[in-house]
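Quick notes on the structure that follows.
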Amino acid sequence: MDLGLRGKKALVCGSSAGLGFSTAMALAAEGADVIINSRDKKRLDAAADKIEKATGSRPECLVADLATDKGISHVTQEVRKDMPGGFIDILVANTGGPPSGRFMHFSHQQWKDAAQLLLYSAVRLTKAVIEGMASRGWGRLIYVTSVSVPQPLDDLVLSNSYRSAVTAFCKTVSNTHASSGITANCVCPGYTATERLQSLAQSRAEQSGTEPEQVMASMAENVPAGRLGKPEELAATVAFLASEQAGYISGSSIRVDGGIAKFLL
Ligand SMILES: NC(=O)c1ccc[n+]([C@@H]2O[C@H](COP(=O)([O-])OP(=O)(O)OC[C@H]3O[C@@H](n4cnc5c(N)ncnc54)[C@H](OP(=O)(O)O)[C@@H]3O)[C@@H](O)[C@H]2O)c1
103 MDLGLRGKKA
113 LVCGSSAGLG
123 FSTAMALAAE
133 GADVIINSRD
143 KKRLDAAADK
153 IEKATGSRPE
163 CLVADLATDK
173 GISHVTQEVR
183 KDMPGGFIDI
193 LVANTGGPPS
203 GRFMHFSHQQ
213 WKDAAQLLLY
223 SAVRLTKAVI
233 EGMASRGWGR
243 LIYVTSVSVP
253 QPLDDLVLSN
263 SYRSAVTAFC
273 KTVSNTHASS
283 GITANCVCPG
293 YTATERLQSL
303 AQSRAEQSGT
313 EPEQVMASMA
323 ENVPAGRLGK
333 PEELAATVAF
343 LASEQAGYIS
353 GSSIRVDGGI
363 AKFLL
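Here our numbering is used: the first residue of the sequence shown is 103, the next is one more, and so on.
Next comes the structure, spelled out in structure tokens:
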């Protein structure tokens, strides 16, 4: 199926590795012109090399730390260069995850940092691109959240809280902008094999006095699919949500979790 993405301009944040990287790869493979972003130039260049090798098309690299005002301002300036409303057609708002831990573990400053990383980055990136999308009558806003939104996890209180806010933000933007040809959706990964999952397994292993490998194995056992997710599976879902064919899907949260969320809707 041709997803109709040839020539579309896509900004995929947090994409030197993990879910963002696989998403950038999937969009580039569909012919989109991709901009990738992370905090680390070396990792970003290596990611660009891999995408170029696989697709023949080299993504532009945008080094910026989305946990800082300075980093977000840099990205917003770049995407509005020569076009005040922004030239991006597809925004994939994604970053690394906040630290894991229970409620009493975190200081006020850590709550503020997580808000900046997860919520304000999504809000400001959306603001930077949405006017251009509306003026062209086409846009795709896709927010990477987590299965911890529909089913909060005790040791991910920062993630649970701010990703729920992102979900409410996404739904509101969908309400107000779907008539301009802009869809806004969230994708909710379950346990997916990336660096982030390894670090979560490490911290759970330290808490429980076991080994990270054991934690990973028990995560996989608890998934009805009987295994961890692959980043490419999440990426394929994002690519579909970005497609022409997905133009009537808006305001939704799509779980890519091997069935781990234990409720109906
Ligand atoms: N994997 C899972 O099982 C899972 C499940 C649910 C939700 N999630 C969430 O989905 C998101 C992506 O997950 P992942 O597993 O792909 O994470 P990951 O393996 O940690 O990769 C995160 C990516 O984001 C970049 N990044 C981190 N902090 C950044 C910042 N402040 N500004 C810009 N880029 C930044 C990293 O690159 P640099 O280090 O080069 O900056 C890397 O490319 C995370 O928020 C995670 O919490 C993941």
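Note that the Cβ used here is the ideal one computed from N, Cα and C, for glycine as well. Computed from a predicted model, the values in this text were never measured in an experiment.
Could you tell me the distance, in whole angstroms, from the CA atom of residue i to the CA atom of residue j?
| i | j | result |
| --- | --- | --- |
| Leu168 | Thr197 | 7 Å |
| Leu193 | Leu243 | 5 Å |
| Ser248 | Leu129 | 21 Å |
| Ala217 | Ile153 | 31 Å |
| Ser223 | Ser140 | 13 Å |
| Pro252 | Ser263 | 11 Å |
| Val317 | Ile138 | 31 Å |
| Arg108 | Ala131 | 9 Å |
| Val340 | Gln347 | 12 Å |
| Trp240 | Met103 | 20 Å |
| His210 | Ala236 | 37 Å |
| Gln309 | Gln212 | 20 Å |
| Ala303 | Leu220 | 21 Å |
| Met206 | Pro200 | 15 Å |
For residue i, count the other beta carbons within 10 Å of its own beta carbon; 16 or more makes it buried, fewer makes it exposed. Which is it?
| i | result |
| --- | --- |
| Phe365 | exposed |
| Tyr293 | buried |
| Ser352 | buried |
| Ser175 | exposed |
| Gly158 | exposed |
| Asp147 | exposed |
| Leu258 | buried |
Under 6 Å Cβ to Cβ from residue i, same chain only, skipping five residues before and after it: list those, please.
| i | result |
| --- | --- |
| Glu313 | Ala307 |
| Gly328 | none |
| Ser305 | Ser202 |
| Lys144 | none |
| Leu260 | Pro200, Ala216 |
Please confirm whether any heavy atom of ligand 1 lies closer than 6 Å to the CB of residue i.
| i | result |
| --- | --- |
| Tyr245 | no |
| Arg329 | no |
| Glu297 | yes |
| Asp171 | no |
| Pro291 | yes |
| Leu193 | no |
| Gly198 | yes |
| Ala150 | no |
| Ser140 | yes |
| Arg306 | no |
Please work out which residues of its chain come closer than 7 Å, Cβ to Cβ, to residue i, disregarding the five sequence neighbours upstream and downstream, and give them in chain order.
| i | result |
| --- | --- |
| Val181 | Leu113, Gly188, Phe189, Ile190, Ala230, Val231 |
Who are the Cβ neighbours of residue i in its own chain at under 8 Å, not counting the five residues just before and after it?
| i | result |
| --- | --- |
| Leu105 | Glu132, Ala341, Phe342, Ala344, Ser345, Glu346, Gln347 |
Contact between the segment 226 to 239 and the segment 266 to 283 (3+ Cβ pairs under 8 Å): yes
The segment 322 to 335 touching the segment 120 to 135, judged by at least three CB pairs closer than 8 Å: yes
Cβ pair count under 8 Å reaching 3, the segment 311 to 326 against the segment 282 to 299: yes
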